[in-house]
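Mapping the sequence shown onto the numbering used here, position 41 (from 1) lands on 48, and the numbers just tick up by one.
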Amino acid sequence: MPHSIVSEICEGVTACVGACPVGCISSSEKKNNKGNDYYWINFETCIDCGICLQVCPVEGAVIAEERSDLQKGP
Ligand code: SF4
Ligand code: SF4
Numbered sequence: 008m009p010h011s012i013v014s015e016i017c018e019g020v021t022a023c024v025g026a027c028p029v030g031c032i033s034s035s036e037k038k039n040n041k042g043n044d045y046y047w048i049n050f051e052t053c054i055d056c057g058i059c060l061q062v063c064p065v066e067g068a069v070i071a072e073e074r075s076d077l078q079k080g081p
């Protein structure tokens with residue numbers, strides 16, 4: 008199951024972006040309600056390795072489930 012980034016928790020730190028082995032994490036063109044850039048995972052290409060969850064310093068920003076209700080797109 009793909010991982011998800013909770014758009015409203017993401018701080019836009021980008022630790023996950025360079026760590027993802029398949030490059031499936033992208034920046035949104037919008038800001039979340041905290042005023043931060045937020046990032047999103049392409050569910051079609053995510054290989055579920057869990058590295059993004061390990062490297063993200065923001066508690067609760069990455070979850071090991073496909074949650075299109077919590078992760079906004081581009
Ligand atoms: S998911 Fe975590 S590491 Fe990735 S951009 Fe958001 S806060 Fe940063
Ligand atoms: S689980 Fe792995 S492949 Fe999927 S977004 Fe995170 S780092 Fe990338």
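A virtual CB, placed ideally from N, CA and C, is assigned to each residue, including glycine.
### Query
Enumerated in chain order, which unbroken segments of the beta strand (DSSP E) with a length of 3 residues or greater are wholly contained in the stretch 16–71?
Runs of the beta strand (DSSP E) lying entirely within the stretch 16–71, each at least 3 residues long, are 32–38 and 44–48 in chain order.
Once DSSP output is grouped into helix, strand and coil, what is the label at S11? If DSSP states are grouped into helix, strand and coil, S11 belongs with the strands.
Can you list, in chain order, the residues of its chain with a C-beta nearer than 8 Å to that of M8? Leave out the 5 residues immediately preceding and following it. Residues D55, A71, E72 and E73 of the same chain have their beta carbon placed closer than 8 Å to that of M8, with the five preceding and five following residues left out of the count.
Open item on the list: Whole angstroms are fine: how far does the CA of I16 sit from the CA of N39?
Closed with: Distance between N39 and I16, taken at the CA atoms: about 8 Å.
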